[in-house]
Each structure stands twice: as C-alpha cells, then as structure tokens.
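Protein chains in written order, with the numbering used here: chain A, 1 to 319; chain B, 1 to 447.
For reference, the structure is listed below as structure tokens.
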Amino acid sequence: MTDLIIETRDLVKKFGNFTAVNGLSLEVPAGSIYGFVGPNGAGKTTTMRMLTTLTRPTSGQAWVNGHSVTEEPRAVRRAIGYMPDEFGVYDDMRVWEYLDFFAACYDIPEIERKKLIDDLLALVDLSHRRDDMVDKLSRGMKQRLSLARTLAHDPSVLILDEPASGLDPRARVEIRELLVELARMGKTIFFSTHILADVSEICSHIGIVEAGEIIAQGSMEDMRAQIQPHREITVTLRDQEAVEAVKAIVSGVEGVMGIADLEPRAGRQRLRIDYTGDDEGVADLNRRISAAGIAILGFAEETKDLESMFMRVTKGIVT
Amino acid sequence: MTETSVGVPMSGTDGPAGAALEGAAKVLRRAANLHTALAGLMLLVAVVAASRLVPGLYDLVRSVFLARYGGVGDAALAIVIIFALVNISALLVIMVSVLAREIWALPGLLLLMVVNLAVLLIMGYTPSLITLVFGTWAMLRLLRAPNLLRINPVMVRELRGRMRGARAFVVMTIYLALMSGFALLLYVVFSTASSLNASAATGQIGRVLFAGVVGIELLLIIFIAPSFTSGAITGERERQTYDLLRTTLLATPSFITGKLESSLGYILLLLLAAIPLQSLAFLFGGVSETEVILAFLILALTAVTFGTFGIYFSATQPRTLAASVRTYGTIAAWAFVVPLVIGFIVNLVQTGIFGNANAPNAPGLEAVLNYANLLLTSTNPFATAVQTQRLLVEQQVIGLYSVTLSSDGSTIPMISPWVVFSTLYLTVAATLIVLTIRQTQQVDVNS
Chain A
1 MTDLIIETRD
11 LVKKFGNFTA
21 VNGLSLEVPA
31 GSIYGFVGPN
41 GAGKTTTMRM
51 LTTLTRPTSG
61 QAWVNGHSVT
71 EEPRAVRRAI
81 GYMPDEFGVY
91 DDMRVWEYLD
101 FFAACYDIPE
111 IERKKLIDDL
121 LALVDLSHRR
131 DDMVDKLSRG
141 MKQRLSLART
151 LAHDPSVLIL
161 DEPASGLDPR
171 ARVEIRELLV
181 ELARMGKTIF
191 FSTHILADVS
201 EICSHIGIVE
211 AGEIIAQGSM
221 EDMRAQIQPH
231 REITVTLRDQ
241 EAVEAVKAIV
251 SGVEGVMGIA
261 DLEPRAGRQR
271 LRIDYTGDDE
281 GVADLNRRIS
291 AAGIAILGFA
301 EETKDLESMF
311 MRVTKGIVT
Chain B
1 MTETSVGVPM
11 SGTDGPAGAA
21 LEGAAKVLRR
31 AANLHTALAG
41 LMLLVAVVAA
51 SRLVPGLYDL
61 VRSVFLARYG
71 GVGDAALAIV
81 IIFALVNISA
91 LLVIMVSVLA
101 REIWALPGLL
111 LLMVVNLAVL
121 LIMGYTPSLI
131 TLVFGTWAML
141 RLLRAPNLLR
151 INPVMVRELR
161 GRMRGARAFV
171 VMTIYLALMS
181 GFALLLYVVF
191 STASSLNASA
201 ATGQIGRVLF
211 AGVVGIELLL
221 IIFIAPSFTS
231 GAITGERERQ
241 TYDLLRTTLL
251 ATPSFITGKL
261 ESSLGYILLL
271 LLAAIPLQSL
281 AFLFGGVSET
291 EVILAFLILA
301 LTAVTFGTFG
311 IYFSATQPRT
321 LAASVRTYGT
331 IAAWAFVVPL
341 VIGFIVNLVQ
351 TGIFGNANAP
361 NAPGLEAVLN
371 YANLLLTSTN
381 PFATAVQTQR
391 LLVEQQVIGL
401 YSVTLSSDGS
411 TIPMISPWVV
421 FSTLYLTVAA
431 TLIVLTIRQT
441 QQVDVNS
C-alpha cells in the first residue's frame, strides 16, 4: 500500500439535527486520481470543506499530507489547492491579476510571480487571454483559470469540487486531459463528481459515498474485479406465459442472484437475470431454456459498466 | 520562500520568522495594556482629585508624569490621559499592521517612537518610556523578519478594481460637482444679502463658504465611508470568493487591513481633491490655515472611524444589507441621537441650575456638566467642527483654555473639542479594528 495523502477517520459533520457526513473514512493514496462519487446531497462538498479547513468536523479526524486539519490548518492550506464548485469571480480583474492576487496571498514574492503566471497560463492554455477581464471568459475557461489558481503555490493535493459540472462536452474533455496531465506531474487529484464517465476514464481510485457514508472505495482495478464475475443477462420472450416458465426454470439454478421483470419493449416481454457464473454457465442457462421448448427471441449478456455498479451499490439508500 | 516543491513547506507566518512577527505584536500589545492601565489610573486620580479630599494630587501627577509642563495641575492630568489614549490607539494599529505584515509597520512604529521621544523631551511626559522601551523591543524582533513585510495583496487588488474604468472618476466628479454647486449657491445667496457693505462682508463670505463646504463634505463622507466598508467582508461572502481566500495563507489581519486601506485610501483621495474648494475661502479672507488643517483632520478621522464601523458590521453580519443598516443605525445613534438627546438634557440642566443670578454654589457639579458637554460635543463631528472654529475665531484657542465657573469664580481647564474628538475617534477606530479581526476569526472557526 502506498502512502496515504488524504486520510479521514470516522469523520462526522452535523448541522443542527441534520447529519451531513456520518462516520466517513477515506483513504486517498499519494499520486492517485481519486473520484469521489455520490448523488447530490451525499455529503461530498461538506467532506471537502472539512478537508480544506473551511469547516470544522463535529467529530472524527482528518489528515492531509500528514497534517491534521484541525490542529495545523496552515500546513494543510499550504499542501492543498482547492476549487469549489462555484467559480468565485472578482468582476473587475484581468486574468493575470486574478492569478497574481492569489499568488500574493500564498506569499509568493513579486519577482517570482510574473514567470509563475506565464507558466500557469501556458499550462491551462489561456496565455492568449492574459489581459482579458475574468468575467468575459467562457465557463470552461473560467474553470481552467480556477485550476491554474489552485496550482499557484505548487500544492501536492488538488481538491476539486465538481470540476466538470456545467461544462460543454469539449470543455469537459479539456479539463479531464488537464487533470491527467497534472497527475503525471505528480499531483494527487481528489475530485468529486456525479458524472461516472469522468471516473471510469481517468480515475485510478474511486470512493462511492451515500448519505454521508463511504459505501465502497479502492482502486479501479479492484472495483472492476469485484464486479467482473457478475453478469446481467437480458432475455427477450414472446409472452407472459413464457416469462413465468423461464422464471421457474432459472430460479433454481446455482449462481442466479435474482430475476427481474423489465419493461416490455415492442410487445415483447423482457426479463433480467443476475448471474455470477462463468461463460459455460451462461451457455448452460440458454440451453436449459431452449430445452424446455420456450422460444427465445433474444439472449444478451450486458457488459457491466460503472454506472450499473453504482446503481447496485447505492441501491435502496439513494435519497 | 522560493522553495515551493511538493511537500516542502514554504517559510510563512508559522516559521521562525513568523514567530518573530507574532512576538513583536505581543510586545506591542503589552505596551498598549500598560498605557490602558495608566489611563485607568489617571481617571481614578481625576475622580479622587475632583473630590478635593487629597490636596496636591494634581501637582503630584504633574511632577511625576509631566515634569516639564508649566501649566496647572488639572490640565496636566487631562494631557496625560489624552497622550495615553493616543498611545493605546497607535500601538494597537501598529500591532495589527505587524500581524498583517504591512510594509508600513516598521516606519509606523519608528514614527510613533520619535513622536514619543519628542513629547518626552519637550514636556517630560514619562509614560513615553513605555512606548520607547517596548517599541525598541518590538523593533528588534521585527528586524529579524523584515523580508516578511510586504505590500498588502488585498489592498492592491481592491485599488486596481476600484480605480479601473469610469466608476471611480464618476463618483469623484459627482462629489466635487455637488460641493462646487453648493459653494456657488452659498456665495450667490450670501453676496446678494450683504451687497451693501461689501468690504466688511468679504471675510464673512469666506468663513461661510468654508464652513459650508466643510459641512457638506462631512455629510457626504458620513454617507460614503461606511458604504465602502460595510460590504467589504459580506461582499466576498456573497461573491463566494471568501472561501477561496480562507484556503490561502492570507491571514485575517492582512485581509481586514487591506480592505480598510483600499477604501480609506480612496476616501482620502476625495478629501484631498476637495481641498482646493475649501481654499477658495482664502480668496475672501477670514479663514486661517489652522482651520483648514483642523477641518481636514476632523474629516479624515470621521472617515476612518465610520469606515471601521462599516467593516465591523461587515464581519458580524451575514449580508451586506444587514451590515449597512446596522452601520448607519449605529453611526446615527453614536454621532447624532446620543449627543443631541443627552446634550439637550445636559444643557437644560446646566441653564436651569447655573443660568440665573442666584446660581447655587456647586463648582463640582458645574465642572462635571462642563466636561459632559465637551464629551458630547466631541462625539459629533459637526458640533466639534463648529465649536472648534468658534473657539479659534473668538478666543484664538487651539488647545487648552480655562473656563470660569459661575458658582465660585474658580477656573477649570478645558480642551478644544477637536482634541477630545480626535482621541475618542482614534480610540474607537483602533478598538473596532481589533474587534473586527477577532470577530472574523471566530466566525471562521464556528462555521
């Protein structure tokens, strides 16, 4: 196991009677791209606000880069670059002034700032907008400028709250590429999202949060391995009678976890079988149904993606 | 400072250099505390001395604290208290500037020490030694980390924004146009009314013009200064930039002083721009340079203090609107309602008791009423300006003078209200700045 750069233990945050984060324990390895996934209101932003020292936990502990967020907030602030989900605009500033101001807030001496700003703007591909007013930028550009701002003091961890929300597809791809590039430069990237496509394409690690608790977390490989044996087979049949027959046949077979009726499509009945067996078992299932003389219109195994995994894990608790 | 590679902490306020700054601030606070204790002691002495139970108390104070002062003992007491209050305010402001790592912290401290040395040498004001000793101590600590002092980034950003585009110049144009129009109106009205005896009236015209311009300037400043500051912190919250700032290494004192510097800097510009208009009065005569300087002082201190009212409420309130309402409400209560209502009552009592031929022989009560009047006059900038000018014109009094009590014919020392006003406003402003910083830090921790 590599070093953990963000670690929380039984983190709890209550606002009055409402518990936003309920005993959350995170483990983010150094150098990873960690996708923090969960539905709206699951406590993602509150967790991030605690990690960035903006909110004090009600109980529990959190460390960033080995510093406790409650005991050594300044050390934590030095180690992180934070991008909240809303872009804070000073409407009367130029792009370079915006970066210059935040660099100055991080105690970077004036003589170093000019070169730093040029480098940062080149990194996020905004060099040509250097002297434009910040509020004239498009949303995607603002997001990139924000990202440049988080990098001003060369932090080791970036904590990004919904970096891709509200962006058009092109801007989203650009941000994604930037994140990968930053990870290659050695930054740990911890970002929240509810867009699973982002996670499956760039993340090395993932944590799924629901109602203030971590439901599952680990590296993407581990997660994929966990869901690999699990298959979903959709069987298309002619009528309800056939459906009942198939249910009767299949329900006793070993490895079948569940059978569910799907919405009929074009007058055909459809059935979903959750199955954990191997290829041989799938073929055997098909054979059994055919052997009973039931006409099969379709027998398809669906490839498992992150979305269905997400739906499965969060089943029942989604608010 | 240049080392910014991953994981290696940059030197900041929490390094050894930062500890030097915090140590210097602590030393300055101690000095301020000592001056506070002295001021408290002097007030106690004043009460005891006024009761005349311990004779010679005033002279004791004078010989201990103001050895070279030739005036009467009770005036010496007032001077000691005023100097102590000025020292407290100045030390607190410099303490904040050290914590905020302001570049002017070092020269500011030096200036305070020079002034104290001068007062010590000229008047023999021994409590100056507190400031001198602690100031040197703080200076030595500061010199260990002089490279940490810098130009406030918040101020730079605010001023860049404020002076950009037409807005700043439109505000200034409207402000000057209003005042010029008003001055013209005064001139037209007054010159036609007194056109018969022109040569005698020019001095009068000059004085009326000057008073009119300063009056309208005061009114404008009272409205403008809090409007600049009452949105300082709430505005950042509303624009959602406040959280961004809080995750940086920017310290709260830097944030607050940066905000104050930028808004007060602009107001100072407005005041300076209006000086030619005030000086128009010189054309007609009847106004002295002293009056112009004192008027500027009163205007500037009004702007600073009412500006800090604004920033204080901006720190305690969640929204700009709530902060503005509370700021203007407090200013109205502090500078207008309280002095007017209580001043009216005090005056009523005073004339009721001492205003007729058979006044009772109660010099103590009369003295207290006189001082209460002075204090109430000094809370309102208009009353202060009027009274100061009246004393200056009628009795050629700038600082101390004496008033003969009607009770027993004895005299008590009085001070021109601008002195009390300046001390009072400076103290209030310094206290509010310290409170604002404390309040902001507290709100952050509790959120």
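Virtual Cβ for every residue (Gly too), placed ideally from N, Cα, C.
- Spanning the alpha carbons of Thr436(B) and Glu261(B) requires a straight line of approximately 14 Å.
- Arg68(B) sits exposed, since fewer than 16 C-beta atoms from the chains shown fall within 10 Å of its C-beta.
- Buried is the label assigned to Asp107(A), since at least 16 other Cβ atoms lie within 10 Å of its Cβ.
- Inclusion of Arg157(B) and Tyr82(A) in the CB contact set at 9 Å is not warranted, their separation being larger than that value.
- Contacts between Tyr82(A) and chain B, judged by CB atoms closer than 7 Å, involve Thr247 in chain order.
- C-alpha of Gly212(B) to C-alpha of Leu340(B): approximately 21 Å in a straight line.
- Scanning its chain for C-beta atoms nearer than 6 Å, with the 5 sequence neighbours on each side dropped, one finds around Gln439(B) the residues Ala315, Thr316, in chain order.
- Proximity of Arg239(B) to chain A, defined by a Cβ-Cβ separation below 9 Å, is satisfied.
- In the displayed model, Thr234(A) falls within a strand according to three-state DSSP.
- In this structure, Leu34(B) places its C-beta atom within 9 Å of the C-beta atom of Ile130(B).
- Here the alpha carbons of Ala79(A) and Thr290(B) stand approximately 56 Å from one another.
- Between the alpha carbons of Ile233(B) and Tyr242(B) lies a gap of roughly 8 Å.
- The closest CA to that of Arg144(B), considering only Gly18(B), Arg207(B), Asn373(B), is found on Gly18(B).
- Using a Cβ-Cβ distance cut-off of 8 Å, the region 99 to 114 of chain A and the region 147 to 157 of chain B are in contact, since at least three pairs of beta carbons, one from each stretch, lie closer than that value.
- The alpha-carbon of Leu121(B) is positioned some 32 Å away from that of Glu394(B).
- Cβ atoms of His194(A) and Val28(A) stay farther apart than 8 Å, at about 19 Å.
- One finds nothing in chain A with a Cβ atom closer than 7 Å to the Cβ of Pro107(B); even the nearest lies about 19 Å away.
- Interface residue (Cβ-Cβ distance to chain B less than 9 Å): Ala62(A) is not classified as such.
- Where Met83(A) is concerned, the enclosing beta strand (DSSP E) starts and stops at 80 to 83.
- By the rule that beta-carbons nearer than 9 Å mark a contact, Tyr106(A) touches chain B.
- Contact between Arg130(A) and Leu137(A) does not hold, since their C-beta atoms are separated by about 11 Å, which reaches or exceeds 8 Å.
- In the DSSP annotation of this structure, Gly60(A) is not part of any alpha helix (DSSP H); the continuous beta strand (DSSP E) holding it starts and ends at 59 to 64.
- With its beta carbon at least 9 Å from every one in chain B, Met50(A) lies outside the interface.
- DSSP lists Arg150(B) as the beta-bridge partner residues of Glu102(B).
- By the C-beta criterion, the region 233 to 252 of chain A is judged not to be in contact with the region 39 to 56 of chain A, since fewer than 3 inter-stretch pairs fall below 8 Å.
- In the DSSP assignment, Ser68(A) is bridged to Trp63(A).
- Within chain A, the residues Tyr82, Pro84, Gly88, Phe102, Arg149 have their CB atoms less than 8 Å from the CB of Leu244(B), given in chain order.
- Our two residues, Leu176(B) and Tyr266(B), have alpha carbons roughly 14 Å apart in a direct line.
- When only Cα atoms are considered, Val48(B) and Thr308(B) end up about 35 Å apart.
- Residue state for Lys14(A) is assigned as strand, using DSSP reduced to three classes.
- Uninterrupted alpha helix (DSSP H) stretches at least 4 residues long and entirely within the region 385 to 447 of chain B occur at 417 to 446, given in chain order.
- Leu66(B) sits in a strand when the DSSP states are folded into three classes.
- If you look at Ser165(A), you'll find it isn't in any alpha helix (DSSP H); DSSP assigns it neither H nor E.
- In the assembly as shown, Lys142(A) is a buried residue. Its beta-carbon has 16 or more other beta-carbons within 10 Å.
- The alpha-carbon of Val76(A) is positioned some 17 Å away from that of Thr45(A).
- Ala25(B) sits close to Ala138(B), with the two beta carbons spaced by under 9 Å.
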